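**Student:**
Numbering (the UniProt record's numbering), first residue to last: 1 to 520.
#1: Under the three-state reduction of DSSP, which class applies to residue 144: helix, strand or coil?
#2: To the nearest angstrom, report how far apart residue 296 and residue 107 are at their CA atoms.
#3: Can you find the residues in the same chain that come closer than 7 Å, C-beta to C-beta, to residue 268, ignoring five residues on each side of it along the sequence?
#4: Give the secondary structure of residue 503 by DSSP, where H, G and I count as helix, E and B as strand, and everything else as coil.
#5: Quick check for students: name the residue ranges of the beta strand (DSSP E) that lie wholly in the segment 314-372, counting only runs of 3 or more.
#6: Helix, strand or coil: how does DSSP classify residue 303 here?
#7: Quick one: is residue 463 buried, meaning 16 or more other Cβ sit within 10 Å of its Cβ, or exposed?
#8: Taking 7 Å as the cut-off, does the CB of residue 113 come closer than this to any heavy atom belonging to the ligand NAP?
#9: Since residue 519 and residue 507 should fall inside the 8 Å C-beta cutoff, what is the C-beta to C-beta distance between them, to a whole number of angstroms?
#10: Measure the C-alpha to C-alpha separation of residue 61 and residue 195 and round it to an integer number of angstroms.
#11: Taking all protein chains shown into account, decide if residue 187 is buried (16 or more other Cβ within 10 angstroms of its Cβ) or exposed.
#12: Compute the distance between the beta-carbons of residue 399 and residue 470, then report whether it is under 8 Å.
#13: Between the segment 281-295 and the segment 399-416, are three or more C-beta pairs nearer than 8 Å?
#14: Looking only at its chain, what residues have a beta carbon closer than 8 Å to the beta carbon of residue 119, apart from the 5 residues adjacent to it on each side?
#15: Taking the CB atoms as reference points, tell me whether residue 171 and residue 219 lie closer together than 8 Å.
#16: Applying the 10 Å Cβ sphere with the 16-neighbour rule, what's the burial state of residue 481?
#17: Tell me the residue span of the beta strand (DSSP E) that contains residue 413.
#18: Taking the alpha helix (DSSP H) that residue 255 belongs to, which residues open and close that run?
#19: Thinking residue 51 and residue 79 are a contact (beta carbons under 8 Å), I'd like their distance in whole angstroms, please.
#20: Can you look up residue 477 in the DSSP assignment and give me helix, strand or coil?
#21: Compare the C-alpha of residue 176 against each of 420, 357, 377, 392 and name the closest.
#22: Which complete beta strand (DSSP E) runs does the segment 199-258 hold, if anything under 3 residues is left out?
#23: Alpha carbon to alpha carbon, how far is residue 384 from residue 440?
#24: So, with DSSP's three-state summary, where would you put residue 381?
#25: Using CA coordinates, which residue listed in 74, 167, 140, 126 is at the minimum distance from residue 198?
#26: CB-CB under 8 Å to residue 147, same chain, minus the five flanking residues each way: which ones, in chain order?
#27: For residue 470, does the three-state DSSP call read helix, strand or coil?
#28: To which residues of the same chain is residue 473 closer than 8 Å at the C-beta, ignoring the five residues directly before and after it?
#29: Within its chain, find whatever has a CB closer than 6 Å to the CB of residue 339; leave out the 5 residues flanking it on each side and keep chain order.
#30: What's the gap between the Cα of residue 485 and the Cα of residue 479?
#31: Take residue 514 and list the residues in its own chain whose beta-carbon comes closer than 7 Å to its own, dropping the five residues that flank it on each side.
#32: Please confirm whether residue 183 and residue 419 have their CB atoms less than 8 Å apart.
#33: From 180, 93, 475, 237, pick the residue whose C-alpha is nearest to that of residue 270; which is it?
#34: To the nearest angstrom, report how far apart residue 261 and residue 77 are at their CA atoms.
#35: Touching or not, the segment 342-351 and the segment 236-253, by the rule of three or more beta carbon pairs under 8 Å?
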């Protein structure tokens with residue numbers, strides 16, 4: 001098997017230097033032969049499909065040697081072992097939602113994790129429900145099957161659910177429930193992982209714990225997650241979705257922090273927020289706030305003292321169908337009555353729990369219809385310490401980004417105590433920190449700004465944070481050189497490096513992260 005793979009690599013290296021007009025039939029034959037040589041139950045596709053050399057970010061294109069569709073965990077292990085002996089790298093690709101080529105492998109092997117065999121088993125341990133799912137399963141499918149079949153749902157989500165389980169667990173997985181339950185990495189009790197040595201391990205807090213915590217938030221550096229055990233809870237029937245507007249950042253953060261620090265039952269079930277431009281700009285301004293077309297934004301309600309940007313606190317309350325609407329009204333009014341938002345700039349909508357969690361799916365459909373989905377998405381995500389968030393607002397939202405980013409500018413507080421520091425995720429210091437997500441959705445150039453200009457603006461934000469000594473970390477991080485990664489991990493770099501030496505000593509996995517170089 002290994003001898004054949006080496007010949008395949010050498011043959012493709014020669015072929016890659018030939019004219020692009022060469023017949024593609026040879027590629028198909030080579031892929032079929034390679035599949036047979038690796039004894040895969042899955043398949044190998046010609047990279048002519050283009051699936052593996054691009055991602056949602058649209059900022060780079062890197063061609064792999066082959067795109068492999070594994071049928072199961074054994075296939076993943078066989079591919080990693082073959083790459084280990086053939087000086088190749090392996091990247092696990094979920095639904096292609098990376099921004100900076102993190103799931104790409106230059107002349108390496110890309111695993112399409114969406115092809116993994118279906119795993120879905122609901123169980124109970126010590127009175128707590130869980131579901132075992134494939135690392136390649138989409139969160140939206142997990143949601144639908146858990147709710148419709150069992151009346152249960154995972155506790156922690158991301159805003160967009162067309163992401164794979166293994167993909168978000170390799171980063172963190174954050175949304176408006178994280179203040180109460182922590183990120184998705186805090187809501188998994190067991191993993192099945194294929195390491196860079198090609199070995200398959202089942203791991204948890206008590207079994208192979210170093211691999212368990214290393215893989216969670218580990219950016220794919222220590223292993224490929226092929227199965228995860230996710231904690232479940234009873235799913236509500238309905239959601240009261242609410243947005244309220246603030247003119248002052250200090251009042252917005254005060255109320256947001258108040259809500260996320262209350263005990264369970266004394267606050268909303270979901271807390272997020274965003275910044276928007278104080279104008280009628282349809283993408284960045286007032287029209288982006290109302291929850292449906294039946295409600296308009298009345299700018300005359302905005303205080304005369306308001307500046308160039310405004311702030312929206314977005315909250316949600318879960319309830320059962322059996323609860324009378326007046327009871328829901330009473331609870332909501334009681335919670336909102338303690339907040340200092342601009343009166344008469346409140347928007348409410350009742351919808352099913354499933355509709356609420358799939359709300360971004362509608363935005364995706366709109367973006368696809370208007371040609372935005374396939375445009376470049378130079379997004380930027382950061383964790384910023386509470387100690388620096390006021391200055392961040394003044395320098396970034398009110399200055400660098402005062403005209404908006406053509407899409408949401410999310411900002412809301414998270415609690416460090418809800419994160420397990422044994423995982424590979426790094427955070428700012430202090431109990432309260434903020435996630436800032438600049439989710440650009442501009443029209444493709446030349447209608448909108450060039451991707452290069454938007455990336456430069458992102459760099460301006462990062463450089464301001466560095467020069468002014470902000471305590472911050474990139475979320476979904478990307479650095480071009482290892483020195484940047486060392487600064488990112490700080491005093492946790494040694495632990496990260498030791499985990500790499502233990503579980504992927506030849507640096508085979510996730511080469512697109514550009515943290516370690518492949519060791520021959």
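Built from N, CA and C at the ideal position, the CB exists for glycine as well. These figures come from a predicted structure and were not determined experimentally.
**Tutor:** On the basis of the supplied data:
#1: helix
#2: 52 Å
#3: 259, 315, 316, 317, 335
#4: helix
#5: 346-352
#6: coil
#7: exposed
#8: As presented, the structure is devoid of all ligands, the ligand NAP included, so that no description of it is given.
#9: 5 Å
#10: 26 Å
#11: buried
#12: no
#13: yes
#14: 132, 133, 134, 137, 227
#15: yes
#16: exposed
#17: 409-415
#18: 249-260
#19: With a Cβ gap of about 17 Å, residue 51 and residue 79 do not count as contacting.
#20: coil
#21: 357
#22: 200-204, 223-234, 238-246
#23: 19 Å
#24: strand
#25: 74
#26: 153, 235, 353, 354
#27: coil
#28: 382, 383, 426, 427, 428, 488
#29: 255
#30: 6 Å
#31: 479, 480
#32: yes
#33: 180
#34: 44 Å
#35: yes
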